[in-house]
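Residue numbers (my numbering), protein chains in the order written: chain X, 2 to 495; chain A, 16 to 299.
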């Protein structure tokens, strides 16, 4: 891993960065429009967001070469806010999300990413892909065979063209061909982008969302801003990790959190929805040769130029073309090797992954899925560690005493197994408990030790504990009762 | 035994770096540690695929493609590096150095010089690197970062090594110049060379006094010293002095100012290294 200076991060690779940024911008147009449809807002809200976020994150982000814009993961969270309260509240929620994300960066919460296991990440990605797929399938409702034919043809172009040439973006060709077909053949039954709402006709303006500045407003947007914050950062940090692997360079994750926050603040002030890093677009960027900050900035600038220049043409793009592009994004996002992994991986990993996916698909909220995934992986881990506890015993030569040897981790999960391992019916003078290779982690562990010692004492057996490590000793001294006066009286009370 | 760290990249400056190193090693009776860094070129894209489409399993496919191509390139680079190090050892041995240790590391010199110069008493590096020819007149950003990262003196090798008979010590009375004077007086590296103390500026009582003391220190150490104060732009004045007196080495303090000041006013040190055609011994 190597460090580059900020200057190098911008200009080490300018020609290819600009080309890659352009390829990404061409892919961002259909995606942003599709995400706007998912969120139920005018396409311009997503397109302004993509422009603002891409430009801002290019300067303040922690991961050069990563593409951030309006995303589906975020769009899925805000549908009901827009439907119930209107787009101004969405902008306010975007601003609040920005503030919360900056705070996450300041307090270095990116380090918490280590608690999100690989299985949860895979579940997140797969759930995202499935949600994309579901939202696109909905577009087919009430449509005739023409829609199916158009989407099918679009997919053939998207996947077939790269076999002949990789010089031109195939999704772009798909859009051009389908739009041309729709216009020349006069296929009026097909829905077009123009019917979905307003497209940008000018540069975005700076304004504050038109919402009352009250506690009530805050309580409306907070339940949206929190999952937006979490999902935005999760997807951004996951994507950053993927790019770290691609480029074998490090990125500053906490700086990325702050960068995402600043980008969302800028997006919100210019009338854009909240966004985050995009896995698919970032992969496209790297694949097209983009590595530096310039590629991210170029994607934003080219996006805006295109959208302003092509205004009328964009209006005429049939939704079928967008659906084809989004299906590609869905298939490309899904982690197909994870299906094979279901058979080969440990069962608990698969359960965590599937639980994450199921939770997301039902709630449409990636934050909930990740929460469930993290809790499940923690529980599985605790269970696995508890199984590392081993207790063996040997009768002394004199047959008057027994030595129990405990090794492993003692905590709330393993405490009961610890207590059960002792044989209290045996008549002995002395019992030695050797805990050299054991560690006492919590109250339950010390409590279990207490119970064991006191139980032996009640049988008139002397108990000696040997080999306790310092950390365990501190805990035991603080909370154990067996070594304190009056222990015997109290034991009866339990 | 003192140790000299010689950084090489196999460029046209390499031979000169080895010659300078051999000279310093002989004077200091030092061992030599040759370091070749395998420069990562991760920002080089794999191949331009601007199809903009992501197929099934695009992420893992792309990652394995990148890793494969970089592995192939890295293997070639490593082989090339080995040849460079063998050549370095060979040339140094011929120049009379016996205690040589050659090492290959991943990374950039400028990023990791601090890790390697810790055990060295002197660092030798070429004025320009691999891209010497097409970037003539442009002193590497790298060089500056290396010098800033070093706590020991850095000898910046010029294109050709010539016999070391005299040196100019650019003296401004500052801490690093003072360090240079003390080093010259105590370290065997510069022993036996003619010394020209040169101060630049209008001259004032304080500077004259300091210059006098420096001259005294050096002549006490057995140097044949001349001292003068000349007015003008530092890089011009020193350039002229070097040409007139047939000087073989420039000794000076380096990068006395912060990065920020440097960004605004530029660096005298860089300008100086660029103008003079002789090796430069830098002190921080």
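Every residue gets a Cβ at the ideal spot worked out from N, C-alpha and C, and that includes glycine. Bear in mind the structure is a predicted one, so any value in this text is a computation, not a measurement.
- Item | Residues in the segment 11–30 of chain X having any Cβ partner in chain A nearer than 7 Å | 13, 14, 17, 20, 24, 27 and 28
- Query: Ordered along the chain, which non-local residues of its own chain (more than five positions away) have a Cβ less than 8 Å from that of residue 260(A)?
  - Reply: Contacts found: 181, 183 and 211.
- Task: Give the residues of chain X in contact with residue 77(A), contact being defined as C-beta atoms less than 9 Å apart.
- Result: 247, 284, 287 and 288
- Please classify residue 153(A): does DSSP put it in a helix, a strand, or coil? Low local confidence applies: a pLDDT of 47 at residue 153(A) is under 50, so the model's placement there is unreliable, with the coordinate-based value given in what follows. Here residue 153(A) sits in coil by DSSP.
- Item | Collapsed DSSP secondary structure at residue 291(A) in the structure displayed | coil
- Query: With 7 Å set as the bound, which would you pick, yes or no: does the beta-carbon of residue 319(X) sit closer than that to a beta-carbon of chain A?
  - Reply: no
- Message: One question on the structure: do residue 118(X) and residue 378(X) come within less than 7 Å of each other, judged by their Cβ atoms?
- Response: Yes, these two residues count as a Cβ contact at 7 Å.
- Query: Going by beta carbon distance, what residues of the same chain come within less than 7 Å of residue 64(X), once the five residues before and after it are set aside?
  - Reply: Only residues of its own chain outside the window of five on either side were considered, and among them 241, 244, 252 and 257 have a CB closer than 7 Å to the CB of residue 64(X), listed in chain order.
- Message: Against chain A, does residue 333(X) count as a neighbour if the rule is that its beta carbon must be under 7 Å from one of theirs?
- Response: yes
- Excluding five sequence neighbours on each side, which residues of the same chain lie with their C-beta closer than 7 Å to the C-beta of residue 305(X)? 52
- Considering only the beta carbon of each residue, do residue 289(A) and residue 191(A) sit closer than 7 Å? Contact flag unset, no.
- Task: Starting from residue 240(X), follow the alpha helix (DSSP H) in both directions and report where the run begins and ends.
- Result: 216–248
- Given that residue 216(A) touches chain X, what residues does it touch there, using C-beta distances under 9 Å? What residue 216(A) touches in chain X: nothing, since even the nearest Cβ is about 33 Å away.
- Exposed or buried, which one is residue 91(A) when buried takes at least 16 other CB atoms within 10 Å? exposed
- Return the residue from the list 200(A), 188(A) and 202(A) that minimises the CA-CA distance to residue 223(A). Among 200(A), 188(A) and 202(A), the Cα nearest to that of residue 223(A) is on 188(A).
- Message: According to DSSP, is residue 143(X) part of a helix, a strand, or is it coil?
- Response: coil
- Do residue 125(X) and residue 371(X) have their C-beta atoms within less than 7 Å of each other? yes
- Excluding the 5 residues preceding and the 5 following residue 117(A) in the sequence, name in chain order all residues of the same chain whose CB lies nearer than 7 Å to its CB. 49, 100, 103 and 104
- Message: Is there a Cβ of chain X sitting closer than 7 Å to that of residue 92(A), yes or no?
- Response: no
- Considering only the beta carbon of each residue, do residue 26(A) and residue 174(A) sit closer than 7 Å? no
- Task: Return the CA-CA distance between residue 255(X) and residue 75(X), expressed in angstroms with no decimal places.
- Result: When rounded, the distance between both Cα atoms is 20 Å.
- Task: Along the alpha helix (DSSP H) that carries residue 373(X), what are the first and last residues, could you check?
- Result: 367–387
- Message: Please classify residue 58(X) as buried or exposed, where buried requires at least 16 other C-beta atoms within 10 Å of its C-beta.
- Response: Its Cβ being crowded by 16 or more others within 10 Å, residue 58(X) is buried.
- Task: For residue 73(A), return the contacting residues in chain X, with the cut-off set at a CB-CB distance below 7 Å.
- Result: 284 and 333
- Message: By the DSSP assignment, the alpha helix (DSSP H) with residue 258(X) in it spans what residues?
- Response: 254–270
- Query: Residues of chain A with a CB under 9 Å from the CB of residue 297(X): which are they?
  - Reply: Ordered by position in chain A, no residue passes the 9 Å Cβ test against residue 297(X), which lies about 14 Å from the chain.
- Is residue 259(A) helix, strand or coil when you go by DSSP? In the structure shown, residue 259(A) adopts helical secondary structure according to DSSP, grouped into three states.
- Work out the CA separation of residue 26(X) and residue 327(X) for me, nearest whole Å. 15 Å
- Task: Can you give me the start and stop residues for the beta strand (DSSP E) that residue 463(X) sits inside?
- Result: Looking at the DSSP string, the run of the beta strand (DSSP E) that includes residue 463(X) is 463–467.
- Item | Between the CA atoms of residue 11(X) and residue 146(X) - distance to the nearest angstrom | 48 Å
- In the DSSP assignment, what are the bridge partners of residue 34(X)? Looking at the DSSP assignment, residue 34(X) forms no beta bridge with any residue, so it has no partner.
- Contacts that residue 81(A) makes with chain X (C-beta to C-beta distance below 7 Å): 247
- What is the residue span of the beta strand (DSSP E) that residue 116(A) lies within? 115–121
- Item | Segment contact flag, the segment 123–142 of chain A with the segment 450–470 of chain X, C-beta cutoff 8 Å, min 3 pairs | no
- Message: For residue 147(A), which residues in the same chain have their Cβ closer than 7 Å to its Cβ, ignoring the five residues on either side in sequence?
- Response: For residue 147(A), the predicted model reports a pLDDT of 44, less than 50, meaning its position is unreliable; a value from the coordinates is still stated below. Excluding residues within five positions, the ones whose Cβ falls inside 7 Å are 26, 27 and 28.
- Task: Out of 451(X), 89(X), 455(X) and 456(X), point me to the one whose CA is closest to residue 479(X)'s CA.
- Result: 451(X)
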